[in-house]
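Chains as they are written, first to last, in this note's numbering: chain A, 80 to 499; chain B, 13 to 516.
Working notes for the structure below.
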Amino acid sequence: MITASVIEEKLRSIVGVGHFYAATPSDRLSRVQPKLVAEPANEQEVAAVLSCANEAGLAVIPRGGGTKLAWGNPPKRADLVVSTARLNRVLEHAWADLTVTVEAGCTLQTLQEKLAEHGQRLALDGLWPKRATIGGLLSTNDSGVLRLRFGALRDLIIGVTLALANGTLASSGGKVVKNVAGYDLPKLATGALGTLGVITRVVFRLHPLPHSVRTLSFSAANAEGAQRQVLAIQDSKLAHTALQVRGESAGQILADILFEATEAGLAAQESQLRTLLRESAVQKSEKGVWSAREDLWQAAFENAAIAKLSVLPSTIAKTLRLIEEIANARKVQFQYVVQATGLGALRLDGEMSSLKAVVERVRNELESGGGSLVVLNRPSGLEALDAWGSAGHAIALMRSLKQQFDPKATLNPGRFVGGI
Amino acid sequence: MAAMNYAFPCREMHTILLGAGAMDAKLLDEFRAIVGDRGLISSAEGLHTYECDGLTNFRVMPLAVLLPSNAEQVQSIVRICHRERLPFVARGSGTGLSGGALPVSNGIVISLARMNRILEVDLPNARVVVEPGVINLDVTGRVQPHGYFYAPDPSSQSVCSIGGNVAENSGGAHCLKYGFTTTHVLGLEVVMPDGSLIHLGGKTLDTPGYDLAGVFVGSEGTLGIATKVVLRIVKRPECIRTLLAAFPSTNEAGAAVSDIIAAGMLPAAIEMMDNLAIQAAEAAVQANYPDCGGLLLVELDGPVAEVEFLMEHVGALCRKNGAWEIRVAQADAERALVWKGRKAAFAAMGRISPNYIVQDGVIPRTALPQVMSEIARLSQETGLRVANVFHAGDGNLHPLVLYNRKIPGQEQAAESLSYRILELCIAAGGSITGEHGVGEEKKMMMSKMFSEPDLDTMQLVRCAFDPLQLSNPTKVFPTPRLCGEKPGEYVPHPLESAGIAERF
Numbered sequence: 080m081i082t083a084s085v086i087e088e089k090l091r092s093i094v095g096v097g098h099f100y101a102a103t104p105s106d107r108l109s110r111v112q113p114k115l116v117a118e119p120a121n122e123q124e125v126a127a128v129l130s131c132a133n134e135a136g137l138a139v140i141p142r143g144g145g146t147k148l149a150w151g152n153p154p155k156r157a158d159l160v161v162s163t164a165r166l167n168r169v170l171e172h173a174w175a176d177l178t179v180t181v182e183a184g185c186t187l188q189t190l191q192e193k194l195a196e197h198g199q200r201l202a203l204d205g206l207w208p209k210r211a212t213i214g215g216l217l218s219t220n221d222s223g224v225l226r227l228r229f230g231a232l233r234d235l236i237i238g239v240t241l242a243l244a245n246g247t248l249a250s251s252g253g254k255v256v257k258n259v260a261g262y263d264l265p266k267l268a269t270g271a272l273g274t275l276g277v278i279t280r281v282v283f284r285l286h287p288l289p290h291s292v293r294t295l296s297f298s299a300a301n302a303e304g305a306q307r308q309v310l311a312i313q314d315s316k317l318a319h320t321a322l323q324v325r326g327e328s329a330g331q332i333l334a335d336i337l338f339e340a341t342e343a344g345l346a347a348q349e350s351q352l353r354t355l356l357r358e359s360a361v362q363k364s365e366k367g368v369w370s371a372r373e374d375l376w377q378a379a380f381e382n383a384a385i386a387k388l389s390v391l392p393s394t395i396a397k398t399l400r401l402i403e404e405i406a407n408a409r410k411v412q413f414q415y416v417v418q419a420t421g422l423g424a425l426r427l428d429g430e431m432s433s434l435k436a437v438v439e440r441v442r443n444e445l446e447s448g449g450g451s452l453v454v455l456n457r458p459s460g461l462e463a464l465d466a467w468g469s470a471g472h473a474i475a476l477m478r479s480l481k482q483q484f485d486p487k488a489t490l491n492p493g494r495f496v497g498g499i
Numbered sequence: 013m014a015a016m017n018y019a020f021p022c023r024e025m026h027t028i029l030l031g032a033g034a035m036d037a038k039l040l041d042e043f044r045a046i047v048g049d050r051g052l053i054s055s056a057e058g059l060h061t062y063e064c065d066g067l068t069n070f071r072v073m074p075l076a077v078l079l080p081s082n083a084e085q086v087q088s089i090v091r092i093c094h095r096e097r098l099p100f101v102a103r104g105s106g107t108g109l110s111g112g113a114l115p116v117s118n119g120i121v122i123s124l125a126r127m128n129r130i131l132e133v134d135l136p137n138a139r140v141v142v143e144p145g146v147i148n149l150d151v152t153g154r155v156q157p158h159g160y161f162y163a164p165d166p167s168s169q170s171v172c173s174i175g176g177n178v179a180e181n182s183g184g185a186h187c188l189k190y191g192f193t194t195t196h197v198l199g200l201e202v203v204m205p206d207g208s209l210i211h212l213g214g215k216t217l218d219t220p221g222y223d224l225a226g227v228f229v230g231s232e233g234t235l236g237i238a239t240k241v242v243l244r245i246v247k248r249p250e251c252i253r254t255l256l257a258a259f260p261s262t263n264e265a266g267a268a269v270s271d272i273i274a275a276g277m278l279p280a281a282i283e284m285m286d287n288l289a290i291q292a293a294e295a296a297v298q299a300n301y302p303d304c305g306g307l308l309l310v311e312l313d314g315p316v317a318e319v320e321f322l323m324e325h326v327g328a329l330c331r332k333n334g335a336w337e338i339r340v341a342q343a344d345a346e347r348a349l350v351w352k353g354r355k356a357a358f359a360a361m362g363r364i365s366p367n368y369i370v371q372d373g374v375i376p377r378t379a380l381p382q383v384m385s386e387i388a389r390l391s392q393e394t395g396l397r398v399a400n401v402f403h404a405g406d407g408n409l410h411p412l413v414l415y416n417r418k419i420p421g422q423e424q425a426a427e428s429l430s431y432r433i434l435e436l437c438i439a440a441g442g443s444i445t446g447e448h449g450v451g452e453e454k455k456m457m458m459s460k461m462f463s464e465p466d467l468d469t470m471q472l473v474r475c476a477f478d479p480l481q482l483s484n485p486t487k488v489f490p491t492p493r494l495c496g497e498k499p500g501e502y503v504p505h506p507l508e509s510a511g512i513a514e515r516f
């Protein structure tokens, strides 16, 4: 029988005295209090810590910047937080090859600053870039407005190193943009919420920073008008980078479009847009409109429900009407921002029981139309509200995968879809 | 043949379960009852057509070929395979270049050629739903009148199938800007190796759960059979311009590519050909290419004002790096001719050599000069000519090793040279395949690119999808691995603990 102190001694010897300590209330996630925190210095230490925890039956919570610990369901067990804070290096920016190799604990902003030295970027605008880490962004599959043009993280990641629960360190993909050798584990790790392994190292393909940018905004008379505008722009020859619709209870509906091009290209596209939307006033806007999603987390968000929506672009109007109808009936205030991709973010404020009812009804409606609703922020007190909704009958296969990768359910037990 | 309902190690299964080359008559009747007489091929002469794919130096006769016409039939067939522990290999148009659709001698081939309907065209959402046997170019053909196209464009796009593209994660010349098959597949209906039907991903983005569609695409038929595919289509840009530049050698052409990338441009395509490839293309399709040491094709697309501005810049960068002739094709017909030579380059080798091997490797683009001079050295050393065609923007090389099968020993020498080129790619930090897949041809190279723990971890995916390893077994991975052979602590499956199932 291995005693707790023996395990702790072993963990401490792996990461060093200063990097292994008792967890405090600030390490809580969804009201669950982990007991210990380990900060390994490199991927070998991550693997050794996982192997030790796995053998001892400790449940592990992988953590990057800790910005999205509330995402997913509360863990069924939480013993040891494994922090990637010390794996924070940009290992190789092969700028002439448009790739970068980076450790999982590097923040998005640090990475972008490094890439900008050579006029490049990771074409992804995640939430809270100053604190959010690459590993956390990938695990939560976060994406912002640039997704319309550049795709999601799954489309930007080209290589990954994972530390599995049993201590195996496994790489897949590679350092070249085009590569079909072996299974695409970089995609499997993206959005897996750390339930298959801890991401320790990533290779991304990069894009050049734009020459010039221009943001334009216009208003829509109603949800149907906004959808018509979005679909017309999507069906046009415009080469925009982002397009979003935003609004709130009883408020005006506004749309924003981002162009990234040369000055000559910007002028031509602006005039084409004005022709296309001749009935609406198109105005130059500030880049601040692109933080509309992040802004949902402002002001007393602890008491709000914030969710990610996914619908077909042709059902944006129907979705907005649905939200309006369900929320109004329950006297719930709403704010939303929906991208032309059909992905959106929705904030609901109101009585706790009403919030639960609105989330569940909207989710049912969206799921029956082939969409989804994932709760990102549960108001305190609504921890029982399922974050994910249905994964369809693929859930059995997802459980088999989990069983293969992490048979003892060491990693983030219970936080992922279907209780995984 | 006796039904094998009990657990059986799959490694032995291959040698024991089925006799050489003949299929049990009762089983054949069962299959015939599913697909009808016209959907079953079991005669030796009929089977010959299926004994290889585009990689013709590997040939294996299957026991039978089945041509189902819908997903239910695929399910019924696979259920029988599962019950009988009979391996199966799915096949699209058979154009693959790594032997991915090579039959296994004790198994059947399931051809998806008859499942070739475009089921849904949803323009407002830019989605098309197809059956796997639909030809790649037919998707674009269907949506072109509305100003859309399907972006992945492998050179075989006029004959290759979407199902095959999904299996191989096919690329093409334009994936530099538009991405690969996996970028454009949003959802899949899949017949699992036990015959069950599941949906991965969907028409909307980010369906909750693991990105199983992302893992399935490019799995080379080893995880199941796709019976329906949701594709994303792309709006045609306002204009497309193709620049053709002639350089003294591939080194200068490569330097121009570096400058284009460094200038912050992302062309739709950057292609390069060396002199031998140009000669062959000229002999085959008279594309009117300049006779030069290194030819560059650069395609830009987007709004007119943008493209015209950038094209000037690209031209200047080419001249700066020594281009002595530059042409810009604008009209569709001009562009088509420029591309014709490039797309015909593989087949054109037949004009200058009796036999040739098409290789597919990837290097970081900056390693191009070094790898090219190594290839030239190997070519000189072996006395075998090597023509080079590249997707230069993303570092995807297609060296074509020319040889004559009638000269004793030359085929082996050519194969050995083509593998040595892949070793150069690995040493340069690249990959053994950018778009053709590992298949049968390159599985032994996998252990040079990946470590054992890497390969063991990929195998975990295989075991979750296909624990009996019936779906295109023996491909991709170098050595057979049994599911359940896990290092570390052994955790019994609940059914096993309950005495219901034995361990496979």
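Backbone N, C-alpha and C fix where the C-beta goes; we use that ideal spot for every residue, glycine too.
Consult DSSP for residue i and reduce its assignment to one of helix, strand or coil.
{"i": "Tyr190/B", "result": "helix"}
{"i": "Pro265/A", "result": "helix"}
{"i": "Pro157/B", "result": "helix"}
{"i": "Arg44/B", "result": "helix"}
{"i": "Asn148/B", "result": "helix"}
{"i": "Asp406/B", "result": "coil"}
{"i": "Val437/A", "result": "helix"}
{"i": "Val309/A", "result": "helix"}
{"i": "Ile245/B", "result": "coil"}
{"i": "Thr398/A", "result": "helix"}
{"i": "Met361/B", "result": "helix"}
{"i": "Glu501/B", "result": "Since pLDDT at Glu501/B reaches only 42, below the 50 mark, its modelled position is unreliable, and the value read off the structure follows with that caveat. Three-state DSSP puts Glu501/B in coil, outside helix and strand."}
{"i": "Ala473/A", "result": "helix"}
{"i": "Ile499/A", "result": "coil"}
{"i": "His211/B", "result": "strand"}
Here's the rule: buried if 16 or more other CB atoms are within 10 angstroms of the residue's CB, otherwise exposed. What is residue i?
{"i": "Arg142/A", "result": "buried"}
{"i": "Gln298/B", "result": "exposed"}
{"i": "Ala378/A", "result": "exposed"}
{"i": "Lys38/B", "result": "exposed"}
{"i": "His60/B", "result": "exposed"}
{"i": "Lys418/B", "result": "exposed"}
{"i": "Trp336/B", "result": "exposed"}
{"i": "Pro119/A", "result": "buried"}
{"i": "Pro26/A", "result": "Given a span of 80 to 499 for chain A in the structure shown, any question on residue 26/A remains unanswerable."}
{"i": "Arg457/A", "result": "buried"}
To the nearest angstrom, report how far apart residue i and residue j are at their CA atoms.
{"i": "Gly238/A", "j": "Lys257/A", "result": "11 Å"}
{"i": "Asn333/B", "j": "Glu264/B", "result": "6 Å"}
{"i": "Gln371/B", "j": "Glu346/B", "result": "29 Å"}
{"i": "Ile364/B", "j": "Asn400/B", "result": "14 Å"}
{"i": "Leu432/A", "j": "Leu399/A", "result": "Contrary to the premise, residue 432/A reads as Ser rather than Leu in this sequence. In a straight line, the C-alpha of Ser432/A is about 21 Å away from that of Leu399/A."}
{"i": "Gly253/A", "j": "Leu467/B", "result": "13 Å"}
{"i": "Gly305/B", "j": "Gly266/B", "result": "12 Å"}
{"i": "Val94/A", "j": "Asn121/A", "result": "9 Å"}
{"i": "Gly236/B", "j": "Asp478/B", "result": "8 Å"}
{"i": "Ala475/A", "j": "Leu256/B", "result": "52 Å"}
{"i": "Lys363/A", "j": "Leu295/A", "result": "4 Å"}
Given 8 Å, three or more beta-carbon pairs between the stretch 99–108 of chain B and the stretch 161–179 of chain B: yes
Segment contact, 8 Å Cβ cut-off, at least three pairs: the stretch 248–262 of chain A with the stretch 222–232 of chain A: no
The stretch 477–487 of chain A / the stretch 240–254 of chain A touching (three or more Cβ pairs under 8 Å): yes
The stretch 313–325 of chain A contacting the stretch 339–353 of chain A, beta-carbon criterion three pairs below 8 Å: yes
Touching by the beta-carbon criterion (3+ pairs, under 8 Å), the stretch 451–468 of chain A and the stretch 453–465 of chain B: no
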